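Enquirer: Residue numbers for the sequence shown, in this note's numbering: 29 to 947.
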Amino acid sequence: MKKLYSLIVALFVSTIMFSQGTVTGTVMDGDMGTPLPGASVVLQGTQNGTSTDFDGKFTIEVSEDSGTLVVSYIGFVERRISFSTYGDIGSITLNPDAEELEGVVVVGTGVIDLAKERETPVAVSTITAKEIQLKVGNTEFPEILNTTPSVYATKQGGGYGDSRINLRGFNQNNTAVIINGQPVNDMENGWVYWSNWQGLSDIASGMQVQRGLGSSKLAVPSVGGTLTIVTKSTEKEEGGFAKISAGNDSYFKTVVGYNTGTNEKGWSSSILLGRWSGDGYVDATEGEGYTYLFSLGYMPSDKHAFNFTFTGAAQWHNQRDFELSIRDHLNYGGDDFRKFNGDWGMLNGETYTFRRNFYNKPIGTLNWDWNIDDKLSLSTSIYGSWGRGGGTGPRGRNFSINPFRKDLTEGITDGLTYRNADGTIDFDAVVANNRAGDAYTVEGPYEGAILGSNGFSDNGVNSNIAIRRASMNSHNWYGAISNLKWELNDEWTLGGGVDLRSYKGFHYRVLNDLLGLDGYVSTGNENITEGLIIRETIKASPFNNTGLTDNKIDYYNVGKVNWFGFNGITEYNNRNNLSAVLQIGVSNQTYQRIDYFNQPNEDAESDKDSKVGGYIKGGANYNIDDSHNVFFNAGYIERQPLFDAIFPNFANAINEDAENEQITSFELGYGYRSSFLNANINLYNTTWDNRFISESIRGVQGLDNGTANFAGVKQVHSGLELDFNMRPVDRLRLDGMMSIGNWQFKDNVTASVFDGDQNLVDTATLYVDGTKVGDAAQFTASLEADYEIIENLGVDVTWRHAANLYSDFTFQLDTRNWANDAQFLAPNNRGALKLPSYNLFDLGLDYQFDFEKSNIFIRLNVNNIFDTEYISEASSSIYVGDEGPASDAPVSTYKGIDDRNLVWFGFGRTWNLSLSYNF
Numbered sequence: 029m030k031k032l033y034s035l036i037v038a039l040f041v042s043t044i045m046f047s048q049g050t051v052t053g054t055v056m057d058g059d060m061g062t063p064l065p066g067a068s069v070v071l072q073g074t075q076n077g078t079s080t081d082f083d084g085k086f087t088i089e090v091s092e093d094s095g096t097l098v099v100s101y102i103g104f105v106e107r108r109i110s111f112s113t114y115g116d117i118g119s120i121t122l123n124p125d126a127e128e129l130e131g132v133v134v135v136g137t138g139v140i141d142l143a144k145e146r147e148t149p150v151a152v153s154t155i156t157a158k159e160i161q162l163k164v165g166n167t168e169f170p171e172i173l174n175t176t177p178s179v180y181a182t183k184q185g186g187g188y189g190d191s192r193i194n195l196r197g198f199n200q201n202n203t204a205v206i207i208n209g210q211p212v213n214d215m216e217n218g219w220v221y222w223s224n225w226q227g228l229s230d231i232a233s234g235m236q237v238q239r240g241l242g243s244s245k246l247a248v249p250s251v252g253g254t255l256t257i258v259t260k261s262t263e264k265e266e267g268g269f270a271k272i273s274a275g276n277d278s279y280f281k282t283v284v285g286y287n288t289g290t291n292e293k294g295w296s297s298s299i300l301l302g303r304w305s306g307d308g309y310v311d312a313t314e315g316e317g318y319t320y321l322f323s324l325g326y327m328p329s330d331k332h333a334f335n336f337t338f339t340g341a342a343q344w345h346n347q348r349d350f351e352l353s354i355r356d357h358l359n360y361g362g363d364d365f366r367k368f369n370g371d372w373g374m375l376n377g378e379t380y381t382f383r384r385n386f387y388n389k390p391i392g393t394l395n396w397d398w399n400i401d402d403k404l405s406l407s408t409s410i411y412g413s414w415g416r417g418g419g420t421g422p423r424g425r426n427f428s429i430n431p432f433r434k435d436l437t438e439g440i441t442d443g444l445t446y447r448n449a450d451g452t453i454d455f456d457a458v459v460a461n462n463r464a465g466d467a468y469t470v471e472g473p474y475e476g477a478i479l480g481s482n483g484f485s486d487n488g489v490n491s492n493i494a495i496r497r498a499s500m501n502s503h504n505w506y507g508a509i510s511n512l513k514w515e516l517n518d519e520w521t522l523g524g525g526v527d528l529r530s531y532k533g534f535h536y537r538v539l540n541d542l543l544g545l546d547g548y549v550s551t552g553n554e555n556i557t558e559g560l561i562i563r564e565t566i567k568a569s570p571f572n573n574t575g576l577t578d579n580k581i582d583y584y585n586v587g588k589v590n591w592f593g594f595n596g597i598t599e600y601n602n603r604n605n606l607s608a609v610l611q612i613g614v615s616n617q618t619y620q621r622i623d624y625f626n627q628p629n630e631d632a633e634s635d636k637d638s639k640v641g642g643y644i645k646g647g648a649n650y651n652i653d654d655s656h657n658v659f660f661n662a663g664y665i666e667r668q669p670l671f672d673a674i675f676p677n678f679a680n681a682i683n684e685d686a687e688n689e690q691i692t693s694f695e696l697g698y699g700y701r702s703s704f705l706n707a708n709i710n711l712y713n714t715t716w717d718n719r720f721i722s723e724s725i726r727g728v729q730g731l732d733n734g735t736a737n738f739a740g741v742k743q744v745h746s747g748l749e750l751d752f753n754m755r756p757v758d759r760l761r762l763d764g765m766m767s768i769g770n771w772q773f774k775d776n777v778t779a780s781v782f783d784g785d786q787n788l789v790d791t792a793t794l795y796v797d798g799t800k801v802g803d804a805a806q807f808t809a810s811l812e813a814d815y816e817i818i819e820n821l822g823v824d825v826t827w828r829h830a831a832n833l834y835s836d837f838t839f840q841l842d843t844r845n846w847a848n849d850a851q852f853l854a855p856n857n858r859g860a861l862k863l864p865s866y867n868l869f870d871l872g873l874d875y876q877f878d879f880e881k882s883n884i885f886i887r888l889n890v891n892n893i894f895d896t897e898y899i900s901e902a903s904s905s906i907y908v909g910d911e912g913p914a915s916d917a918p919v920s921t922y923k924g925i926d927d928r929n930l931v932w933f934g935f936g937r938t939w940n941l942s943l944s945y946n947f
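1) Kindly list the residues whose CB is nearer than 6 Å to the CB of V931, restricted to its own chain and excluding five residues on each side of it in sequence; keep chain order.
2) Mark F773 as exposed unless 16 or more other C-beta atoms lie within 10 angstroms of its C-beta, in which case mark it buried.
3) Which parts of the stretch 171-204 are runs of the beta strand (DSSP E), unbroken and 3 residues or longer, counting only runs that do not cross its ends?
4) For V458, which three-state DSSP category applies?
5) Are the stretch 505-525 and the stretch 435-446 touching, with three or more C-beta to C-beta distances below 8 Å?
6) Alpha carbon to alpha carbon, how far is G443 from W304? Give it in angstroms, no decimals.
7) Counting pairs of beta carbons, one from the stretch 662-675 and one from the stretch 633-646, are three or more of them closer than 8 Å?
8) Which of the three DSSP states, helix, strand or coil, is assigned to I566?
9) Tell me the DSSP secondary structure of T521 in three-state form.
10) Going by DSSP, which residues form a beta bridge with T441?
11) Is it the case that the stretch 733-744 contacts the stretch 754-762, given that we only count it when at least three CB pairs across the two stretches are under 8 Å?
12) From D230 to V220, what does the alpha carbon distance come to, in whole angstroms?
13) Taking D546 as the reference, give the member of N585, F592, E475, I509 with the closest Cα.
14) Closest by CA to G73, which one among A508, P211, S94?
15) What are the residues that DSSP puts in a beta bridge with Y643?
16) Thinking just about the alpha-carbon of each residue, which of F338, G325, Q343, I299 is nearest to the one in H318?
17) Would you mind sorting V212 into buried or exposed? The rule is 16 or more other CB atoms within 10 Å of its CB.
18) Can you give me the start and stop residues for the beta strand (DSSP E) that S229 sits inside?
19) From the beta carbon of N713, is the nearest beta carbon of chain D less than 8 Å away?
20) Since R239 contacts L173 with CB under 8 Å, what's their CB separation in whole angstroms?
21) Could you tell me the distance, in whole angstroms, from the CA atom of N929 to the CA atom of G525?
22) Looking at the structure shown, is D57 part of a helix, part of a strand, or coil, going by DSSP?
23) Judging by CA-CA distance, which residue of E684, G593, D653, Y650 is the nearest neighbour of D635?
24) Only counting the same chain, and skipping five residues up and downstream in sequence, which positions put a Cβ closer than 8 Å to that of K567?
25) With a CB to CB cut of under 6 Å and the five nearest residues on each side skipped, what residues in its chain are close to L811?
26) Relative to the C-alpha of E687, which residue among F660, D637, S702 is closest?
27) In terms of residue numbering, what span does the beta strand (DSSP E) encompassing E316 cover?
28) Going by beta-carbon coordinates alone, are D462 and I478 separated by less than 8 Å?
29) Exposed or buried, which one is N892 when buried takes at least 16 other CB atoms within 10 Å?
30) Going along the chain, which residues of its own chain have a beta-carbon closer than 7 Å to the beta-carbon of S428, five neighbours each way excluded?
31) In terms of DSSP beta bridges, what is L760 paired with?
32) Using only alpha-carbon positions, find the residue among K862, M327, A270, R384 that is nearest to K293.
33) Under three-state DSSP, which class holds F269?
34) Beta-carbon within less than 7 Å of L873's beta-carbon, same chain only, minus the 5 sequence neighbours each way: which residues are those?
35) By how many angstroms is the C-alpha of W939 removed from the C-alpha of Y506?
36) Is it true that the CB of I140 sits closer than 8 Å to the CB of T256?
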């Protein structure tokens with residue numbers, strides 16, 4: 029310790045001895061036009077740095093009269109300022125990330141709610157466009173946030189775009205995802221399908237994770253937090269880029285973009301096109317996708333700015349959906365068991381799979397910023413989204429393909445006719461079985477044809493068949509957001525806004541592949557007494573007809589959700605050390621369901637139901653001095669239930685017991701800023717109460733087909749978060765974080781049990797009090813070292829640790845599903861299964877060739893460099909020694925847990941290499 033102290037003193041003295049002059053200046057907030065206290069000013073290539081004071085001023089001692097200062101502040105675009113003499117270099121303006129790296133013209137900033145450190149009283153992490161481009165490669169977009177406190181993102185089954193993200197233990201139904209101020213969570217179920225946004229890494233100019241209540245002004249904010257993504261619009265300067273990327277498993281991607289710059293009349297435009305393809309890390313998960321963006325900007329004066337953007341990402345990819353146990357992976361996975369997929373096989377000598385996702389979700393946005401005067405401004409965004417597509421899967425009554433209430437190992441041991449010894453599906457045998465069926469006997473155009481059905485077996489129609497169906501989830505979504513901002517004086521600001529949304533979701537099934545049959549008899553439409561023979565199929569492609577106007581099978585219903593919200597905000601900022609905010613919001617959500625199959629035609633439309641929700645939240649930030657600040661926030665939310673809570677059990681009957689969910693949250697935070705170290709510590713507590721959950725029920729109260737409606741479900745999530753970045757030596761930057769969570773269910777839950785005719789027959793209790801919330805690691809930590817070897821050549825290494833990860837709990841009341849939730853029917857159960865912890869290491873290397881007006885940038889990423897085996901999530905809680913159904917399949921353990929547990933393994937070692945030319 030004494031030697032270290034002496035070394036520090038020596039370095040300090042040396043710095044003073046060799047200093048020959050000083051450079052001074054002022055750092056300004058480009059958005060507010062005010063000084064920016066706490067900004068970092070570092071002499072490039074050294075560890076010599078300082079921070080700005082309350083007036084944004086800085087003084088830095090330098091040994092030479094020329095050099096470059098690196099000026100940065102988290103949440104703002106970094107700048108490099110050259111100086112050629114000692115003395116004052118004047119004002120340096122930093123622009124918020126929302127104004128994009130490299131001079132992008134962002135219109136609609138009044139509807140994009142970005143937090144500012146040492147001012148907005150929320151826990152926040154900002155990821156710049158540069159970081160996104162460095163890290164994402166061929167990984168999933170949400171995964172680049174895994175080094176952010178309280179974030180846990182996985183690939184789930186492993187298909188392209190099948191990832192998901194949890195924030196503070198809440199899944200993405202309860203994490204608001206906002207792109208350019210517009211909400212993108214599904215209006216019916218709250219989910220975000222990242223495969224619909226495969227192009228985000230190409231068009232994102234930055235994103236911000238606001239944990240907890242956040243600063244969003246949307247009428248009803250989220251539970252876990254808000255992920256705000258700002259995309260490219262039009263740019264001030266002419267230029268463009270071309271980028272190619274390659275990676276493991278034949279991944280290849282090309283992206284090109286060009287922007288005209290702004291002409292003398294205020295017009296500008298940008299275009300971006302991209303394509304990717306790959307075989308997938310997991311067996312038989314090939315995919316292909318296209319990204320497109322067109323943006324047109326017009327700024328006729330300083331008072332008005334307009335921007336129209338049209339963007340989307342059409343894609344198809346094969347999936348891994350069939351749940352696999354650990355022993356399934358080990359028994360059938362071959363050289364790398366993590367890649368095993370139970371949904372595929374060979375058909376006519378080519379790869380074929382039951383599962384494919386395909387979707388195209390273009391979104392068009394018109395933004396208008398109006399600076400009415402020096403104090404008053406209005407920002408408006410009008411948008412529309414038209415999603416088309418769905419996913420394929422098996423349909424039929426052929427139970428010799430997939431096991432029923434068993435894992436694959438037990439199913440093959442007990443005998444599955446259409447499975448090969450390696451666990452894959454013998455699709456040739458499936459087709460042969462379909463073709464071997466009886467001929468249709470009814471006189472007419474289909475007489476003699478080989479027909480199959482899932483619910484009809486007369487007149488020669490065969491029920492022992494399998495086909496591939498496509499379940500469609502399309503939508504039309506229109507909305508408008510408008511916010512008015514009034515700066516009363518230098519300290520007080522008032523604001524108000526509206527949030528309007530109209531959503532119509534189309535849910536139905538169509539035929540995708542008859543697998544050798546001549547036709548399929550659909551009995552799903554109860555308005556047709558004799559069923560319907562269908563021969564036409566719909567291709568599983570994002571650019572083809574999705575069957576919205578064609579014949580359908582099994583089900584066809586429409587969900588309609590209309591939304592009107594209002595928000596108000598009062599902000600105080602004394603431009604010195606104190607800022608505070610108070611926000612309120614109220615919204616009315618109207619639900620209606622239309623069922624064209626399971627309701628008589630005259631009763632197809634349900635009654636409408638409306639729920640009013642809202643929130644109140646506020647907080648304050650106090651800057652103690654140039655280095656230290658503290659903040660708090662608190663809030664209460666009344667959030668309307670999801671669509672399925674209003675219309676449970678796939679029926680048109682309104683659930684009169686559905687009530688608003690109640691969320692209370694409180695948070696404390698501390699921040700430290702210096703030229704050497706920036707750090708944040710947050711403490712939070714969130715209670716999520718009065719949830720409604722509806723699940724199917726079997727084997728309880730003698731029911732084989734019923735429904736359990738749980739009301740009053742409660743969760744409590746509390747924890748501590750730490751994040752920091754520092755420059756311990758020249759050219760080295762360290763970024764780290766640690767999050768400790770305690771997320772668990774509170775109180776036992778009693779369900780109302782209904783039979784198949786929706787008659788209340790009894791109640792059943794799940795004993796979940798104290799059960800750990802699963803699906804996300806409750807302890808995470810990471811450390812990244814980024815070192816500039818020489819100018820323009822950098823290397824970075826990242827370590828990530830995940831622990832206290834528990835199996836997911838889904839409230840299923842099914843005594844036959846012994847491997848999942850049945851144990852919670854008894855008191856004093858053992859709770860959710862705790863999974864093994866794991867450590868991962870990633871490596872990155874990059875170099876930039878600079879030319880007069882362009883550059884070439886090369887980046888290599890190697891993820892999980894030590895090829896570590898780890899379980900990323902699980903959906904069962906089988907403990908060692910548990911007795912399941914009788915079977916001859918052997919049982920063992922893997923890293924201390926029963927190998928019958930249903931899990932997804934994380935990916936092994938992967939890599940990607942990219943080259944971009946920027947001009």
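Ideal Cβ placement from N, Cα and C applies to all residues, glycine included.
Computed from a prediction, not measured in an experiment: that's the story for all the values here.
Expert: Walking through what the data contain:
1) I354, I899, A902
2) buried
3) 179-182, 192-195
4) helix
5) no
6) 40 Å
7) yes
8) coil
9) strand
10) DSSP output for T441 lists no bridge partner at all.
11) no
12) 18 Å
13) E475
14) S94
15) G613, I665
16) For the record, residue 318 in the displayed sequence is Tyr; it is not His. Considering only alpha carbons, the answer is Q343.
17) buried
18) S229 -> not in any beta strand (DSSP E); alpha helix (DSSP H) instead, spanning 228-231.
19) Judged by its chain identifiers, the structure shown contains no chain D, having just a single protein chain.
20) So it is not a contact: roughly 11 Å between Cβ atoms.
21) 49 Å
22) strand
23) E684
24) N540, N573
25) G764, W827
26) D637
27) 315-326
28) Reading the sequence as shown, one finds Asn at residue 462 and not Asp. It is a contact, given that the beta carbons lie within the stated cut-off.
29) buried
30) L444, T445, Y446
31) Y815
32) M327
33) strand
34) V823, L888
35) 39 Å
36) yes
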